[in-house]
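J.: Got a structure for you, written out below as structure tokens; questions coming shortly.
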């Protein structure tokens with residue numbers, strides 16, 4: 519995993535509540551056995567006409583949106599399925615952070631494992647961001663846990679200590695768990711198995 | 151005396167492998183279910199790292215999401231789906247995991263085959279790369295969906311770093327009226343607390359109405375916990391649970407069974423234990439429920455009217471409702487009953503078990519489906535299919551003019567070619583009515599198997615209690 523460094527970016531406003539993972543990446547694109555090629559299908563059903571041509575008025579089809587790394591979404595972003603294809607598609611499009619007033623649990627977990635930072639802000643900050651001009655730039659500093667708005671004001675955001683460490687250092691979480699092998703073995707030694715594989 | 155604990159606390163405490171300051175707890179996973187869609191990248195990761203599957207004996211795979219529901223004598227015609235199914239079977243073979251592959255007599259939806267084979271047991275932690283893993287909570291297991299990175303972690307270590315969730319008591323007391331089912335209970339829960347209402351929580355369903363449910367009905371309730379935002383939802387085990395489980399293939403036998411039951415009897419929540427949150431629903435006041443919108447929280451009693459956006463104060467919420475009604479092409483203030491439909495889908499990990507099929511068949515017996523409506527009945531597993539055929543349910547469906555298909559997820563997720571056309575309406579016994587969930591441009595009304603079958607007969611959204619005798 520790459521180290522998560524501070525960055526500044528203009529935001530893409532997408533103020534819809536309960537954006538579910540079926541919108542982020544529709545299920546028919548989940549037949550792949552790789553992680554590649556999902557960025558082009560991000561928000562497919564909202565983004566393209568039936569014949570595959572991009573919808574001219576959809577936000578992610580605007581030239582100015584293509585270089586932006588921050589998505590400002592409505593409440594409960596990423597609800598629905600457990601597909602990790604959702605953060606894969608978002609990061610492949612170029613997003614490094616999503617700002618919302620809340621995230622669905624599984625999506626949040628999946629995002630953190632893919633260097634996509636879910637930033638929860640209060641309703642007031644969310645409103646301020648939504649009310650700001652289209653070209654508003656924000657700065658995100660994970661080490662300081664700060665989101666700096668265009669007017670220079672700074673908002674703190676919460677992130678659990680462990681995820682922050684993994685993201686900042688680019689540490690492989692599976693590698694960390696593998697180091698716990700003695701504890702896992704000790705647990706297994708006293709664990710009772712109830713799956714009967716003998717019959 | 152120790153502090154009274156909920157079953158959720160007990161399950162957590164008994165699975166903590168390690169807990170270090172500054173890191174989430176490492177918890178042990180007793181059962182890992184794997185399917186073709188969310189696992190290929192995880193197996194690829196193991197291969198890249200040169201890792202094995204730590205506990206192939208606690209890992210079981212099946213194919214369900216991208217598999218066709220056409221006769222097995224036909225090939226899988228979609229080459230991408232065929233490659234994905236083949237990849238799972240190859241991965242299972244390479245890593246030594248038991249696999250109920252496409253042609254196995256035990257193939258089926260991952261959340262149907264776990265319970266029916268006795269793999270899902272009380273007191274377990276169960277994970278799967280699928281958000282409806284909460285289904286297994288019906289047995290008093292802590293069961294939740296995970297992403298592909300986590301699938302790889304569990305394959306490699308049988309453990310997951312986890313943070314303790316909040317405990318959320320969902321109390322359902324009273325007696326269900328005739329025509330009202332477990333599906334209506336959970337749709338009412340989703341409507342009451344909303345699609346994000348349970349975020350960060352594990353539900354424990356309690357109360358007399360929950361106790362009265364069969365194990366299959368409990369699975370329907372737990373299955374949709376995620377549709378109210380909760381990663382897991384469970385029901386404490388009782389004699390209903392043990393009666394269902396006893397004698398199933400992978401359940402303990404003989405003395406091992408007796409000692410397992412003795413252990414499981416200590417799982418229910420202690421008297422005096424408290425929850426972080428609570429909500430209460432009166433089962434006796436429930437009607438059959440149906441969704442009108444584009445998330446499972448947008449549900450109403452079947453005699454109700456589609457809500458008016460004007461009545462909602464919050465501007466973003468109001469816009470969301472307007473957007474949903476535009477997508478669904480529904481008029482606010484109008485009843486949903488009587489709305490024409492094009493397709494009925496009976497199936498999915500929510501409602502594809504033998505009792506669901508019996509319920510639908512009970513309505514369709516001696517009746518014909520409306521000729522305008524395509525009715526698909528998709529059993530949850532090969533075992534369910536054979537049981538239904540032994541009972542003659544397939545004949546009832548076919549005689550009524552419905553399709554009787556092979557087992558799989560089918561039109562719940564519309565990955566396998568079973569899908570709505572743009573603009574079509576379905577009454578579906580599945581769990582999600584998101585935009586395009588059942589096919590791009592398709593519109594879904596979620597309901598129980600009884601409501602689905604009644605609507606199949608009339609061709610419009612129908613209250614089963616009003617279907618002419």
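Residue numbers (our numbering), protein chains in the order written: chain B, 519 to 717; chain H, 151 to 619. A virtual CB, placed ideally from N, CA and C, is assigned to each residue, including glycine.
Using DSSP bridges, identify the partner residues of residue 439(H).
T.: Translated into positions along the second chain, residue 439(H) becomes position 289. Bridge partners of residue 439(H): 451(H).
J.: Between 360(H), 318(H), 338(H), 302(H), which lies nearest to residue 324(H) when the distance is taken from Cα to Cα?
T.: Here residue 324(H) refers to the residue found at position 174 of the second chain. Residue 324(H) has its Cα closest to that of 360(H), out of 360(H), 318(H), 338(H), 302(H).
J.: Here's a check: name, in chain order, each residue in its chain whose Cβ is nearer than 6 angstroms to the Cβ of residue 191(H), leaving out the five neighbours to either side.
T.: Locating residue 191(H) in the second chain gives position 41, where the first residue counts as 1. Taken in chain order, the residues that qualify are 298.
J.: Checking contacts by CB at 9 angstroms: is residue 274(H) closer than that to chain B?
T.: Locating residue 274(H) in the second chain gives position 124, counting from the first residue. Judged by the 9 angstroms Cβ criterion, residue 274(H) is in contact with chain B.
J.: Buried or exposed, going by whether 16 or more other CB atoms sit within 10 Å of the CB of residue 197(H)?
T.: One-based indexing of the second chain puts residue 197(H) at position 47. Burial call: exposed.
J.: Could you check which residue in 537(H), 199(H), 419(H) has the C-alpha nearest to that of residue 318(H)?
T.: Numbered from 1 along the second chain, position 168 holds the residue referred to as residue 318(H). For the residues 537(H), 199(H), 419(H), the minimum Cα distance to residue 318(H) belongs to 419(H).
J.: Given a limit of 8 angstroms on CB to CB distance, which residues of the stretch 530-559 of chain B reach chain H?
T.: Within the stretch 530-559 of chain B, the residues whose Cβ lies closer than 8 angstroms to some Cβ of chain H are 533, 534, 535, 536, 538, 540, 541, 544, 545, 546, 548, 549, 550, 551, 552, 553, listed in chain order.
J.: Name, please, each residue of chain B whose Cβ falls closer than 8 angstroms to the Cβ of residue 445(H).
T.: What you label residue 445(H) is simply residue 295 of the second chain in a count that begins at 1. The contacting residues are 536, 538, 597.
J.: Looking at chain B, which residues of the stretch 545-570 of chain H have a Cβ within less than 7 angstroms of any of its Cβ atoms?
T.: Going along the stretch 545-570 of chain H in chain order, one finds 563, 564, 565 with a Cβ nearer than 7 angstroms to chain B.
J.: Hey, is residue 475(H)'s beta-carbon within less than 9 angstroms of any beta-carbon in chain B?
T.: On the second chain, position 325 is the one that residue 475(H) refers to. Not closer than 9 angstroms to any Cβ of chain B, the Cβ of residue 475(H) fails to qualify, so no.
J.: Check whether the Cβ of residue 207(H) lies closer than 9 angstroms to any Cβ atom in chain B.
T.: In the second chain, counting from the first residue as 1, residue 207(H) sits at position 57. Residue 207(H) counts as touching chain B.
J.: Should residue 603(H) be labelled buried (16 or more other beta-carbon atoms within 10 Å of its own) or exposed?
T.: Here the question's residue 603(H) lines up with position 453 in the second chain. Buried, by the Cβ-count rule.
J.: If we ignore side chains and look at the alpha-carbon of each, how far apart do residue 576(B) and residue 585(B) end up?
T.: Reading the first chain from its first residue, position 58 is the one you call residue 576(B). Reading the first chain from its first residue, position 67 is the one you call residue 585(B). Their Cα atoms are separated by approximately 15 angstroms.
J.: Keeping to the same chain, check which residues put their C-beta closer than 7 angstroms to that of residue 653(B); ignore five residues upstream and five downstream.
T.: For the purposes of this step, residue 653(B) is taken as residue 135 along the first chain, with counting starting at 1. So the qualifying residues of the chain are 528.
J.: Taking only beta-carbon atoms, is residue 670(B) less than 9 angstroms away from chain H?
T.: As a working mapping, residue 670(B) is identified with position 152 in the first chain. So, not an interface residue.
J.: Can the beta-carbon of residue 330(H) be found less than 9 angstroms from the beta-carbon of residue 182(H)?
T.: The count along the second chain starts at 1 and reaches residue 330(H) at position 180. The count along the second chain starts at 1 and reaches residue 182(H) at position 32. Against a cut-off of 9 angstroms, the Cβ pair of residue 182(H) and residue 330(H) comes out as no contact.
J.: Would the beta-carbon of residue 538(B) fall within 9 angstroms of that of residue 445(H)?
T.: Here residue 538(B) refers to the residue found at position 20 of the first chain. Here residue 445(H) refers to the residue found at position 295 of the second chain. Contact: yes.
J.: Residues in the same chain with beta-carbon distance under 7 angstroms from residue 348(H), minus the five sequence neighbours each way, listed in chain order, please.
T.: Sequence index remark: in the second chain, residue 348(H) carries index 198 (1-based). Taken in chain order, the residues that qualify are 318, 375, 378, 379, 380.
J.: Could you say which of 594(B), 684(B), 633(B) lies nearest to residue 346(H) if we only look at CA atoms?
T.: Position 196 of the second chain holds residue 346(H). Nearest of 594(B), 684(B), 633(B) to residue 346(H), Cα basis: 594(B).
J.: Residue 543(B) and residue 614(B): beta carbons closer than 9 angstroms?
T.: The residue labelled residue 543(B) in the question sits at position 25 within the first chain. The residue labelled residue 614(B) in the question sits at position 96 within the first chain. No, Cβ-Cβ distance for residue 543(B) and residue 614(B) is not below 9 angstroms.
J.: Which of the three DSSP states, helix, strand or coil, is assigned to residue 278(H)?
T.: For the purposes of this step, residue 278(H) is identified with residue 128 of the second chain, where counting begins at 1. If DSSP states are grouped into helix, strand and coil, residue 278(H) belongs with the strands.
J.: Unbroken alpha helix (DSSP H) runs of length 4 or more, entirely within the stretch 157-200 of chain H: which are they?
T.: Qualifying alpha helix (DSSP H) stretches, in chain order: 157-163, 190-199.
J.: Starting from residue 323(H), trace the beta strand (DSSP E) in both directions and tell me its first and last residue.
T.: Locating residue 323(H) in the second chain gives position 173, where the first residue counts as 1. From DSSP, the beta strand (DSSP E) with residue 323(H) extends over 316-323.
J.: What residues in its chain sit with their C-beta under 6 angstroms from that of residue 552(H), if we drop five residues either side in the sequence?
T.: Counting from one through the second chain, the residue named residue 552(H) turns up at place 402. Hits under 6 angstroms: 519, 525, 527.
J.: Taking the straight line between their C-alpha atoms, what separation do you get for residue 661(B) and residue 633(B)?
T.: Position 143 of the first chain holds residue 661(B). Position 115 of the first chain holds residue 633(B). Computed Cα separation, rounded: 14 angstroms.
J.: Compile a chain-ordered list of the residues in the stretch 442-471 of chain H whose CB is closer than 7 angstroms to at least one CB of chain B.
T.: Within the stretch 442-471 of chain H, the qualifying residues are 445, 466, 467, 470.
J.: How about residue 289(H): is its C-beta nearer than 9 angstroms to some C-beta of chain B?
T.: Sequence index remark: in the second chain, residue 289(H) carries index 139 (1-based). No - not a single Cβ of chain B is within 9 angstroms of the one on residue 289(H).
J.: Strictly below 7 angstroms CB to CB, what residues from chain H border residue 705(B)?
T.: Residue mapping note: residue 705(B) aligns to position 187 of the first chain, counting from 1. Per Cβ cutoff of 7 angstroms: 167, 178.
J.: Please compile the residues from chain B whose C-beta is within a distance smaller than 9 angstroms of the C-beta of residue 590(H).
T.: Here residue 590(H) refers to the residue found at position 440 of the second chain. Chain B residues near residue 590(H): 544, 546, 562, 563, 568.
J.: If the cut is a Cβ gap below 7 angstroms, which residues of chain B does residue 408(H) touch?
T.: For the purposes of this step, residue 408(H) is identified with residue 258 of the second chain, where counting begins at 1. Chain B residues near residue 408(H): none, gap ~12 angstroms exceeds 7 angstroms.
J.: Output, in chain order, the set of chain H residues within a Cβ distance shorter than 8 angstroms of residue 622(B).
T.: Numbered from its first residue, the first chain carries residue 622(B) at position 104. Chain H residues near residue 622(B): 346, 349, 379.
J.: Going along the stretch 288-307 of chain H in order, which residues come within less than 9 angstroms of chain B, judged by CB to CB distance?
T.: Listed by position along the chain: 294, 295, 296, 297, 298, 299, 300, 301, 302, 303, 306, 307.
J.: According to DSSP, is residue 427(H) helix, strand or coil?
T.: Start at 1 with the first residue of the second chain, and residue 427(H) comes out as number 277. Residue 427(H) falls in the strand class under three-state DSSP.
J.: Taking 9 angstroms as the threshold (C-beta atoms), are residue 555(H) and residue 223(H) in contact?
T.: Residue numbering aside, residue 223(H) sits at position 73 when the second chain is read from its first letter. Residue numbering aside, residue 555(H) sits at position 405 when the second chain is read from its first letter. Going by C-beta atoms, residue 223(H) is not nearer than 9 angstroms to residue 555(H).
J.: Applying the criterion that 16 or more other CB atoms from any shown protein chain within 10 Å of the CB defines a buried residue, is residue 296(H) buried or exposed?
T.: Counting from 1 along the second chain, the entry for residue 296(H) is found at position 146. Its Cβ being crowded by 16 or more others within 10 Å, residue 296(H) is buried.
J.: List the residues of chain H that residue 701(B) touches, going by C-beta distances under 8 angstroms, in chain order.
T.: If you number the first chain from 1, residue 701(B) lands on position 183. Under the 8 angstroms cutoff, chain H gives 167, 168, 176.
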